[in-house]
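Participant: What follows is a structure written as structure tokens; I'll ask about it next.
There are 2 protein chains.
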Amino acid sequence: MATEIERKFLVNPRSGSRQNGIRKSTFMEQFYLARDPWVRVRIAGDNAKLTIKGPGNLVRAEFEYDIPVEDAEAMRPLGKGTIVKTRHLVPYGDHLWEVDQFHGSLDGLWLAEIELKTADEHFELPDWAGREVTEDGRYANAYLVEHGIPKETRS
Amino acid sequence: MATEIERKFLVNPRSGSRQNGIRKSTFMEQFYLARDPWVRVRIAGDNAKLTIKGPGNLVRAEFEYDIPVEDAEAMRPLGKGTIVKTRHLVPYGDHLWEVDQFHGSLDGLWLAEIELKTADEHFELPDWAGREVTEDGRYANAYLVEHGIPKETRS
Chain A
111 MATEIERKFL VNPRSGSRQN GIRKSTFMEQ FYLARDPWVR VRIAGDNAKL
161 TIKGPGNLVR AEFEYDIPVE DAEAMRPLGK GTIVKTRHLV PYGDHLWEVD
211 QFHGSLDGLW LAEIELKTAD EHFELPDWAG REVTEDGRYA NAYLVEHGIP
261 KETRS
Chain B
111 MATEIERKFL VNPRSGSRQN GIRKSTFMEQ FYLARDPWVR VRIAGDNAKL
161 TIKGPGNLVR AEFEYDIPVE DAEAMRPLGK GTIVKTRHLV PYGDHLWEVD
211 QFHGSLDGLW LAEIELKTAD EHFELPDWAG REVTEDGRYA NAYLVEHGIP
261 KETRS
């Protein structure tokens, strides 16, 4: 088990610099087998993971296991709420940001996440980072896929 | 992914022979993280498994992964419907039966399962095996833990 400490930010849509310094971009598909707790399947290339997440936003228990891609694909009919996105890894200061560019029904949405070692760890905020939405449940992936992009963020 | 083909029987409570020829007995605890699909955690000694089961009774998709026991124990607060039972492995004819002796709130209940390679595979029925309950949802572990032992089986 790991404890995940993660902060999440909107990405300013007009900022061109969000794409500067991308180290790696990975296309991924994910869906949910369950909620409360979240049981998520994610397929990225020839890699698949099964993840269980406990309650909470900023800090929560997380259990993650590699599974065969064939298993993950065979689980599709058991899943709900498919999300497809490209995850860009963007180094900034001492941290590596995960900047998600959503596709499909969430096309146009970008969200940036940073994983921290402690809840009060200091980090530098890139100029493309907008409002923090760590505690805003509307920006949880599982909520987004059911309710779409929140009005305030639609361009 | 595996396809699980399993038939399930009541165990005659008056039959002394059900305990004859037990090869191995293992105490196990299991609980559910989700239903539809079932996501089950099982701890048996120093071994833990995370299992996802698709819909169906006789034949269903099953995905099973070994996980660290510490993970399984840390998942307890996320789980529902804890069952404790002793699983007796009993060879009979060409097959190995799993005979479950339930404890706790299901104390007194015994159920026997046999795993088959095909849905119509022949097997010998031990004299201690009672009515088949493969398609009787009341004898699914997850149903039992919520509703208790069905009236017909209470002694």
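Line by line, the protein sequences give chains A and B. Here the first sequence stands for residues 111 to 265, numbered as in my numbering. Here the second sequence stands for residues 111 to 265, numbered as in my numbering. All C-beta atoms in this analysis are idealised placements derived from N, C-alpha and C, irrespective of residue type, glycine included. Treat the numbers as computed from the prediction; the structure is a model and nothing was measured.
(1) Does the beta carbon of B/Met138 sit closer than 8 angstroms to a beta carbon anywhere in chain A?
(2) Excluding the 5 residues preceding and the 5 following A/Val194 in the sequence, name in chain order all residues of the same chain whose CB lies nearer than 6 angstroms to its CB.
(3) What's the C-alpha gap between A/Ala144 and B/Asp146?
(4) Can you check whether the CB of B/Pro178 is closer than 8 angstroms to the CB of B/Ala154?
(5) Compare the beta carbon distance of A/Gly240 and A/Leu120 with 8 angstroms and say whether it is the shorter of the two.
(6) Which residues share a DSSP beta bridge with A/Glu114?
(7) Quick one: give me the first and last residue of the beta strand (DSSP E) that B/Asn157 is part of.
(8) What does DSSP give as the partner residue(s) for B/Met138 in the beta ladder?
(9) Where are the beta strand (DSSP E) runs, 3 residues long or more, that stay fully inside the stretch 187 to 253 of chain A, in chain order?
(10) Please determine, among A/Ile132, A/Gly189 and A/Thr228, the residue with the shortest C-alpha to C-alpha distance to A/Trp207.
(11) Using a C-beta to C-beta distance shorter than 8 angstroms, which residues of chain B count as neighbours of A/Gly218?
(12) Could you check whether A/Met111 and A/Val151 sit closer than 8 angstroms to each other, using their CB atoms as the reference points?
(13) If you run the structure through DSSP and keep just helix, strand and coil, what is B/Asp181?
Facilitator: With the given structure in hand:
(1) No Cβ of chain A is located within less than 8 angstroms of the beta carbon of B/Met138.
(2) Cβ-Cβ distances below 6 angstroms link A/Val194 to Glu139, His213 and Gly214 in the same chain, with the five nearest sequence neighbours on each side left out; the list follows chain order.
(3) Roughly 8 angstroms separates the two Cα atoms.
(4) Taking 8 angstroms as the Cβ cut-off, B/Ala154 and B/Pro178 do not qualify as a contacting pair.
(5) Going by C-beta atoms, A/Gly240 is nearer than 8 angstroms to A/Leu120.
(6) Answer is A/Arg170.
(7) Taken as a continuous stretch (DSSP letters only), the beta strand (DSSP E) holding B/Asn157 covers Asn157 to Lys163.
(8) Paired residue(s): B/Lys195.
(9) Qualifying beta strand (DSSP E) stretches, in chain order: 190 to 202, 205 to 212, 220 to 225 and 239 to 242.
(10) When the alpha-carbon of A/Trp207 is set against those of A/Ile132, A/Gly189 and A/Thr228, the nearest one is in A/Ile132.
(11) Per Cβ cutoff of 8 angstroms: no residues; A/Gly218 is ~31 angstroms from chain B at best.
(12) Cβ atoms of A/Val151 and A/Met111: not closer than 8 angstroms.
(13) Helix at B/Asp181.
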